[in-house]
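First comes the structure, then the notes that go with it.
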Amino acid sequence: MKKPDAKTKSRLLILLLAGILVLLAFTPLVPEAEIASCMMVTALGIDAEEDGVTLTAVMTGGSGEENVHGEGGNVTDALADMNERYGRTAEFGHCGAIVLGAEMSASDILPALESLLSSSEVNAGCAVLSAGGRADEFMRSAVKLGSGSGVTDYMGFADDGAPVPVPTALGVLTALAGKSRAAALPVFSVSESSDESGGQPSGNSGSDDSGASAQEGEKTELAPPRVCRAIGGGITELTEDATYGLMLMSPRGKGGLIDAVWEHDGESIPLLGEITGKSASLEVSPGSPDVSMRLNLTVRFADRYSVIERTGGENVIRMIAPEIAEAFAASAERKLAAAAEAARSEDVLGVRTEFYRSHPKEYKEFERNGASIAGAVFGYDVNVKIS
Amino acid sequence: MDKVSLRQFVLLTFLLGMAMKMFNLPVLMLRLCGKDAFVVLIVELGIDLALLALVVAVVVLSGEKSFGELLESAFGKTAASAIFLVAAAFWLVKLYFMLVDVRLFFSNTVFPADVGAPHLIPFMLFLAYFATRPLSSAGRLAETITPFVAVGIIVLGALTLPHADLGALRPMLADGGEGVAKGLRSLPVWFGDFTLLLAATGRAKGGGKLAFSLVSAAAAFVCLALMSAVLFASYGDVPYLLAYGHSISSIAQYSIGSFRFGRTDLVVFCLWLGAVFLSAGMTAMFYARCLEYALGRRAGRIIAFVGAAAVFVLLALTVNLNLATEYATEFFALPAVIVQYGLPFAGLAAVAVNAVKRRKREKTGRKNKE
Chain A
0 MKKPDAKTKS RLLILLLAGI LVLLAFTPLV PEAEIASCMM VTALGIDAEE DGVTLTAVMT
60 GGSGEENVHG EGGNVTDALA DMNERYGRTA EFGHCGAIVL GAEMSASDIL PALESLLSSS
120 EVNAGCAVLS AGGRADEFMR SAVKLGSGSG VTDYMGFADD GAPVPVPTAL GVLTALAGKS
180 RAAALPVFSV SESSDESGGQ PSGNSGSDDS GASAQEGEKT ELAPPRVCRA IGGGITELTE
240 DATYGLMLMS PRGKGGLIDA VWEHDGESIP LLGEITGKSA SLEVSPGSPD VSMRLNLTVR
300 FADRYSVIER TGGENVIRMI APEIAEAFAA SAERKLAAAA EAARSEDVLG VRTEFYRSHP
360 KEYKEFERNG ASIAGAVFGY DVNVKIS
Chain B
0 MDKVSLRQFV LLTFLLGMAM KMFNLPVLML RLCGKDAFVV LIVELGIDLA LLALVVAVVV
60 LSGEKSFGEL LESAFGKTAA SAIFLVAAAF WLVKLYFMLV DVRLFFSNTV FPADVGAPHL
120 IPFMLFLAYF ATRPLSSAGR LAETITPFVA VGIIVLGALT LPHADLGALR PMLADGGEGV
180 AKGLRSLPVW FGDFTLLLAA TGRAKGGGKL AFSLVSAAAA FVCLALMSAV LFASYGDVPY
240 LLAYGHSISS IAQYSIGSFR FGRTDLVVFC LWLGAVFLSA GMTAMFYARC LEYALGRRAG
300 RIIAFVGAAA VFVLLALTVN LNLATEYATE FFALPAVIVQ YGLPFAGLAA VAVNAVKRRK
360 REKTGRKNKE
């Protein structure tokens, strides 16, 4: 028999490989991930109970969204309970938000997030927020906002444009497990009120920051977040100024709008600007410790024409731009000061973390002495450029 | 004649420089060395760069002699065969650990369940076929896949680097050099891939210009260091969250926002997997060539296939992939150092010995003439 040449051998080999690949594609070597046997979770709520946790998940399917529940001694047990209850496996690949009940402390949050992230149940980049009350009540109300949008789309909008920093799951876990042992979570709440006009509900689109329910005579709105909750040794609700100061120092979020007051000719003129660029850094020196908060902002002046009207002309704007920049800088500095004051009790700015990273040897001594930043000296270096 | 061009050699260097180091290694380093992982990585990459310089020196100075002919002419057939048998045994074991890494990656990152050994049958067949091919096949494959790998790495970098807080790499060396020493002691199995380029001894065109491969290796190392730095910075305070096999995919998913946009990181990894296939193929090729030299062509090929089958059976019987990874750090670090870093030195020594012998012959020849 004639020996096959090299070309024929190559062709036979390629055919053999192709055949193996085709066979493998049709063999049940890997359990099939059937969509029908999964519950696609888009948001997860966690409440701490006396004897464990309650999970409330927003499950999305072909016909809309609904809530599913699970209970257990810990998150893993609660997930197993959820899967058993509904005869399906919860799939968290599209989970964009973890909502924590208002009552959850650091000692509740840490094991819950560790459990979810170490088993790769959820993406480490999903948003973590605090509900105004219980997470399950928030989730029940949020689901009414309509299918397809709801909580997670609002997270996407809030992440960039909200005046609060929206942390990721990994960010919260790192903050709580690290040297700072504190994290700031934005507080989201859903309000339900009677719609006195009895009007038709508006559609809920991804760019709309409030939604309306389909219930007649009742209006459900996802309230824009204004404050953060600091979670560390205790649970503290921060002021709006402190929250805004945190947002200015946070690498996440662009900042949104900033207000200021400009003193001109004995008159207090309110100003509004849009932050179009931001860079912030924290420097810690050993000592009490000494903390320098550096912030550079680019602000698009939104009140140009009203100021022109008051001051008399476009040319004047160019002359007074430094004064306006100073007014915005003063406003930003007030907010940073509020954040710094809040950080003295719960280290939501990450002062201890930055201290440890830049001066690990001095930090050991600082830790032996109690690691308190109540007496830290904060300095501010704020520069604003008007565009 | 089975030769690789200068461009092919440079591209092979680029691919070998990062291929297997983006799988398990960054997570392993983070869990072993903590915040010192980045220091360990830089030191190991520096050592590998020095290794590449040695390999290039051997390739350039050997002239037209292959690596086997070089060692044989310096130390004799028996010594050379012994060296190749030891090297073959090591590369077979390294191939096993490479396949463990591949299994871990697909089990923890791609598929919802553990990937069994049968999944790797097509890959093993590819490796067996590749092992019988000439070196020029590897060169041509490198030319084909490098653009895809480069695009994958650039896309991955563009998606992950803007969100990275590299300040979180600190503090490094906070506890002295203990973490660094531990890493250097435990991780040599994942480095030293440039030794495979000794297969190009006597088969590479370009002469002294082969030193350009150092630039290509440095480029690969910069990519690897940046990707690893992002992982170290993001998970440095919570390394226990990562499992072996999560690799750079974890940070890619985190940065890309896979819960919003889907698993685009998998598309990127598919592009980069070409480098992994080539690296594993070169390992299989080197292993087969070592056996062919030591035992002859026919016996060498038979033993090569038997060894590959044994690796597959062992892989199928390996239930705890994490334990296999830990064995590599505990028991195979020293053999890795001896073989991977010893072979280029053996090559250089052979070049020196041959040079001395040649000078003696020339001297004797001149004396006889007189």
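As they're listed, the protein sequences go chains A and B. Residues 0 to 386 (numbering that gives the first Met the number 0) are what the first sequence spells out, left to right. Residues 0 to 369 (numbering that gives the first Met the number 0) are what the second sequence spells out, left to right. Glycine residues also receive a C-beta, built at the ideal position from the N, C-alpha and C atoms.
Name the DSSP bridge partner or partners of residue i?
{"i": "Phe300 (chain A)", "result": "A:Gly272"}
{"i": "Glu90 (chain A)", "result": "A:Met39"}
{"i": "Arg293 (chain A)", "result": "A:Ser280, A:Asp380"}
{"i": "Glu262 (chain A)", "result": "A:Ser267"}
{"i": "Ser330 (chain A)", "result": "Answer is none; Ser330 (chain A) lacks a bridge partner."}
{"i": "Leu256 (chain A)", "result": "A:Glu273"}
{"i": "Asp46 (chain A)", "result": "A:Thr53"}
{"i": "Phe187 (chain A)", "result": "A:Ala130"}
{"i": "Ala222 (chain A)", "result": "A:Ser188"}
{"i": "Val67 (chain A)", "result": "A:Ala56"}
{"i": "Ile319 (chain A)", "result": "According to DSSP, Ile319 (chain A) bridges with nothing at all."}
{"i": "Ala182 (chain A)", "result": "A:Ile230"}
{"i": "Ile402 (chain A)", "result": "No answer is possible for residue 402 (chain A): it lies beyond the span of chain A, which begins at 0 and ends at 386."}
Where do the ends of the alpha helix (DSSP H) carrying residue i lie?
{"i": "Val318 (chain B)", "result": "Per DSSP, Val318 (chain B) belongs to no alpha helix (DSSP H) and is neither H nor E."}
{"i": "Cys269 (chain B)", "result": "263–294"}
{"i": "Ile41 (chain B)", "result": "36–60"}
{"i": "Thr400 (chain A)", "result": "In the structure displayed, chain A extends from 0 to 386; residue 400 (chain A) sits before or after that span and is not available."}
{"i": "Thr167 (chain A)", "result": "Here Thr167 (chain A) belongs to no alpha helix (DSSP H), and DSSP marks it neither H nor E."}
{"i": "Phe13 (chain B)", "result": "5–17"}
{"i": "Leu333 (chain B)", "result": "332–335"}
{"i": "Ser287 (chain A)", "result": "Looking at the DSSP string, Ser287 (chain A) is not in any alpha helix (DSSP H), and its letter there is neither H nor E."}
{"i": "Pro28 (chain B)", "result": "Here the sequence assigns Met to residue 28 (chain B), which means Pro is not the residue at that position. From DSSP, the alpha helix (DSSP H) with Met28 (chain B) extends over 24–32."}
{"i": "Lys360 (chain A)", "result": "359–367"}
{"i": "Ser72 (chain B)", "result": "66–74"}
Measure how close the beta-carbons of residue i and residue j come, nearest whole angstrom, since I'm counting them as under 8 Å.
{"i": "Leu183 (chain B)", "j": "Val42 (chain B)", "result": "6 Å"}
{"i": "Ala328 (chain A)", "j": "Leu270 (chain A)", "result": "Ala328 (chain A) to Leu270 (chain A), Cβ: 12 Å. No contact."}
{"i": "Met103 (chain A)", "j": "Gly44 (chain A)", "result": "That belief does not hold up - the Cβ atoms of Met103 (chain A) and Gly44 (chain A) are roughly 11 Å apart, past 8 Å."}
{"i": "Val39 (chain B)", "j": "Met28 (chain B)", "result": "6 Å"}
{"i": "Asp35 (chain B)", "j": "Leu134 (chain B)", "result": "Their Cβ separation, rounded to whole angstroms, is 38 Å, which puts Asp35 (chain B) and Leu134 (chain B) out of contact at 8 Å."}
{"i": "Phe187 (chain A)", "j": "Leu237 (chain A)", "result": "Phe187 (chain A) to Leu237 (chain A), Cβ: 14 Å. No contact."}
{"i": "Val237 (chain B)", "j": "Thr173 (chain A)", "result": "6 Å"}
{"i": "Leu335 (chain A)", "j": "Gly244 (chain A)", "result": "5 Å"}
{"i": "Val85 (chain B)", "j": "Val338 (chain B)", "result": "7 Å"}
{"i": "Gly151 (chain B)", "j": "Trp271 (chain B)", "result": "4 Å"}
{"i": "Ala73 (chain B)", "j": "Asn353 (chain B)", "result": "5 Å"}
{"i": "Val57 (chain B)", "j": "Val350 (chain B)", "result": "6 Å"}
Considering residue i, what are the terminal residues of the beta strand (DSSP E) in which it resides?
{"i": "Lys368 (chain B)", "result": "Taken as a continuous stretch (DSSP letters only), Lys368 (chain B) belongs to no beta strand (DSSP E), being part of the alpha helix (DSSP H) at 341–368."}
{"i": "Cys227 (chain A)", "result": "227–230"}
{"i": "Val54 (chain A)", "result": "Per the sequence shown, the amino acid found at residue 54 (chain A) is Leu instead of Val. Note, Leu54 (chain A): beta strand (DSSP E), 51–60."}
Next item on the list: Note down, one range per segment and in chain order, each alpha helix (DSSP H) of at least 4 residues found wholly within the segment 184–253 of chain B.
Entry: Runs found: 212–234.
Practice item. For the segment 70–127 of chain A, list the beta strand (DSSP E) runs that are entirely contained and at least 3 residues long, ordered along the chain. Key: 88–90, 96–99, all fully within the segment 70–127 of chain A.
Practice item. Go through the segment 88–171 of chain B residue by residue and report every complete run of the alpha helix (DSSP H) that reaches 4 residues or more, in order. Key: For the segment 88–171 of chain B, whole alpha helix (DSSP H) runs of length 4 or above, ordered along the chain, are 120–130, 134–159.
Measuring CB atoms only, is the segment 299–312 of chain B touching the segment 36–55 of chain B, in the sense that at least three cross pairs come out at less than 8 Å? Taking one beta carbon from each stretch, the segment 299–312 of chain B and the segment 36–55 of chain B have fewer than 3 pairs nearer than 8 Å; the two do not touch.
>> Quick check: the segment 237–257 of chain A against the segment 353–364 of chain A, are at least 3 beta-carbon pairs closer than 8 Å?
In response: Output reads no: the segment 237–257 of chain A does not touch the segment 353–364 of chain A.
TODO: Count the C-beta pairs between the segment 118–126 of chain A and the segment 90–101 of chain A that are closer than 8 Å, then say yes if the count reaches three, no if not.
DONE: Output reads yes: the segment 90–101 of chain A touches the segment 118–126 of chain A.
At least 3 beta-carbon pairs within less than 8 Å: the segment 85–94 of chain B vs the segment 329–348 of chain B:
As far as the Cβ criterion goes, the segment 85–94 of chain B touches the segment 329–348 of chain B, which means the pair count is three or higher.
Next on the checklist: Whether or not the segment 125–140 of chain B and the segment 342–349 of chain B are in contact is what I'm after, with contact meaning three or more pairs of Cβ atoms, one per stretch, closer than 8 Å; do they touch?
Outcome noted: Output reads no: the segment 125–140 of chain B does not touch the segment 342–349 of chain B.
ask   = Does the segment 356–369 of chain B come within contact of the segment 216–232 of chain B, defined as at least 3 CB pairs closer than 8 Å?
value = Cβ pair count under 8 Å is below three, so no.
Cβ contact check for the segment 220–227 of chain A and the segment 103–112 of chain A: 3 or more pairs under 8 Å: As far as the Cβ criterion goes, the segment 220–227 of chain A does not touch the segment 103–112 of chain A, which means the pair count is below three.
**Asked** Quick check: the segment 290–301 of chain A against the segment 374–384 of chain A, are there 3 or more CB pairs under 8 Å?
**Response** Cβ pair count under 8 Å is three or more, so yes.
Under 8 Å: do the segment 354–373 of chain A and the segment 98–109 of chain B share three or more Cβ pairs, one atom per stretch? At 8 Å Cβ cutoff, the stretches do not touch.
Inset, instruction - Could you tell me whether the segment 280–298 of chain B touches the segment 158–171 of chain B, where touching means 3 or more Cβ pairs closer than 8 Å? - result: No: fewer than three Cβ pairs fall under 8 Å.
**OP:** Take every Cβ of the segment 6–23 of chain A, pair it with every Cβ of the segment 76–94 of chain A, and state whether three or more of those distances are shorter than 8 Å.
**Re:** When Cβ pairs closer than 8 Å are counted between the two stretches, the segment 6–23 of chain A is seen not to touch the segment 76–94 of chain A, the count staying below three.
Okay, do the segment 298–308 of chain A and the segment 363–376 of chain A touch, 3+ Cβ pairs below 8 Å being the bar?
With a cut-off of 8 Å, the segment 363–376 of chain A and the segment 298–308 of chain A do not count as touching, because too few Cβ pairs lie within range.
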